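Numbering (my numbering), first residue to last: 8 to 192.
Yeah, the Cβ is synthetic: ideal placement off N, Cα and C, and Gly gets one too.
Note that the coordinates shown come from a computational prediction; the quantities given were computed from them, not determined experimentally.
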Amino acid sequence: MKKITTLFMMLMAAVMTLSMSSCTEDQEIGMTLEGTWEGYTHAYHEYNGQLYQSSRTVLTFNADLFKVKSGTGYWVDYYNDYGWGRNYIANRISWRVQNQIIYIHFKEDNFDIEIHDYRLNSGRFVGTIYTADSNIDFELYKTSDRNWNDYYYGFGPYYSKGTRAGSDKAAEAPKRMFIPDAKEK
Numbered sequence: 008m009k010k011i012t013t014l015f016m017m018l019m020a021a022v023m024t025l026s027m028s029s030c031t032e033d034q035e036i037g038m039t040l041e042g043t044w045e046g047y048t049h050a051y052h053e054y055n056g057q058l059y060q061s062s063r064t065v066l067t068f069n070a071d072l073f074k075v076k077s078g079t080g081y082w083v084d085y086y087n088d089y090g091w092g093r094n095y096i097a098n099r100i101s102w103r104v105q106n107q108i109i110y111i112h113f114k115e116d117n118f119d120i121e122i123h124d125y126r127l128n129s130g131r132f133v134g135t136i137y138t139a140d141s142n143i144d145f146e147l148y149k150t151s152d153r154n155w156n157d158y159y160y161g162f163g164p165y166y167s168k169g170t171r172a173g174s175d176k177a178a179e180a181p182k183r184m185f186i187p188d189a190k191e192k
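(1) Among the candidates A139, D144, Q60, H112, whose CA atom is the shortest distance from the CA of Y85?
(2) Could you tell me whether the Cβ atoms of I120 and T135 are closer together than 8 angstroms?
(3) Step through the CB atoms of chain B and report whether any lies within less than 8 angstroms of the CB of A70.
(4) Buried or exposed for L147, please, with buried defined as at least 16 other CB atoms from any protein chain shown within 10 angstroms of its CB.
(5) Sort A50, T64, D124, K74 by Cα distance to T150 and report the nearest one.
(6) Which residue comes first and which comes last in the beta strand (DSSP E) that contains L147?
(7) Assign D116 to buried or exposed, taking buried as 16 or more other Cβ atoms, counted over all protein chains shown, within 10 Å of its Cβ.
(8) Helix, strand or coil for T135, going by three-state DSSP, please let me know.
(9) DSSP on I11, reduced to helix/strand/coil?
(10) Give every residue of the same chain whose Cβ lies closer than 8 angstroms to the Cβ of D33, excluding the five residues on either side of it in the sequence, and list them in chain order.
(11) Note down the Cα distance separating G46 from F145, rounded to an integer number of angstroms.
(12) Let me confirm a value: T67 is counted as buried when at least 16 other C-beta atoms fall within 10 Å, else exposed. Which label applies?
(13) Run through the DSSP bridge pairs and tell me what F68 is partnered with.
(14) For my contact list, G78 and D71 are in at a C-beta cut-off of 8 angstroms; report their separation, rounded to the angstrom.
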């Protein structure tokens with residue numbers, strides 16, 4: 008009987024320990040973000056004096072191992088009408104969640120945004136993107152829990168981005184903007 012009582016007490020202590028070590032709100036947001044999202048973000052790119060509006064955006068969040076509230080990923084804007092030789096602009100991103108605000112840094116463009124005033128669940132992500140110049144509403148739907156690899160959008164070690172940052176022609180690279188109610192030129 009003493010063995011059963013001891014075993015029961017150890018089991019109760021384990022359950023109590025697990026129930027007290029729950030995730031923080033930022034960790035829960037990071038875990039929910041992880042995966043691939045697709046939708047509309049009102050992204051525009053300016054290239055050679057022309058303004059192009061994206062037709063859709065695909066965004067992936069990969070969480071750092073053991074740090075579910077930060078990580079890396081990709082932000083890809085697709086275009087139906089484009090003038091720079093391909094129909095998408097891809098950026099590697101780093102992201103973090105702090106005090107329930109999502110901070111995203113575009114590595115190639117050296118550009119930062121914040122996301123707050125949002126609603127997020129396992130299938131839908133709706134909210135507002137804040138930049139230095141504007142506030143833009145967006146709507147994304149989760150399409151996969153899988154992550155992408157670096158090679159598909161040309162970020163592998165043996166692939167040159169051409170007109171991306173670091174190139175001799177970096178000034179010709181399309182520039183990402185978030186513009187409320189922008190009109191194409």
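On the basis of the supplied data:
(1) For the purposes of this step, residue 85 is taken as the residue at position 78 of the sequence shown. The shortest C-alpha separation from Y85 is found at Q60.
(2) For the purposes of this step, residue 120 is identified with residue 113 of the sequence shown, where counting begins at 1. For the purposes of this step, residue 135 is identified with residue 128 of the sequence shown, where counting begins at 1. With respect to the 8 angstroms criterion, I120 and T135 are not classified as neighbours on the basis of their beta carbons.
(3) Among the chains in the structure shown there is no chain B, since it carries only a single protein chain.
(4) The residue given as residue 147 occupies position 140 in the sequence shown. By the neighbour-count definition (other C-beta atoms within 10 Å, threshold 16), L147 is a buried residue.
(5) Counting from 1 along the sequence shown, the entry for residue 150 is found at position 143. The shortest Cα separation from T150 among A50, T64, D124, K74 belongs to T64.
(6) Stepping through the sequence shown from its first residue, residue 147 is reached at position 140. Boundaries of the beta strand (DSSP E) around L147: 142-151.
(7) Locating residue 116 in the sequence shown gives position 109, counting from the first residue. Buried is the call here.
(8) Counting from 1 along the sequence shown, the entry for residue 135 is found at position 128. The three-state secondary structure of T135, taken from DSSP, is strand.
(9) By 1-based counting over the sequence shown, the position of residue 11 is 4. Look at I11 here: in three-state DSSP terms it is helix.
(10) For the purposes of this step, residue 33 is identified with residue 26 of the sequence shown, where counting begins at 1. Correct list, in chain order: K76, V104, Q105, N106, Q107.
(11) Position 39 of the sequence shown, counted from the first residue, corresponds to residue 46. Position 138 of the sequence shown, counted from the first residue, corresponds to residue 145. For G46 and F145, the gap between their C-alpha atoms comes out near 8 angstroms.
(12) Translated into the one-based positions of the sequence shown, residue 67 becomes position 60. T67 comes out buried.
(13) Here residue 68 refers to the residue found at position 61 of the sequence shown. Under DSSP, F68 takes part in a beta bridge, and its partners are G42, G80.
(14) The count along the sequence shown starts at 1 and reaches residue 78 at position 71. The count along the sequence shown starts at 1 and reaches residue 71 at position 64. Contact holds; Cβ gap of about 5 angstroms.
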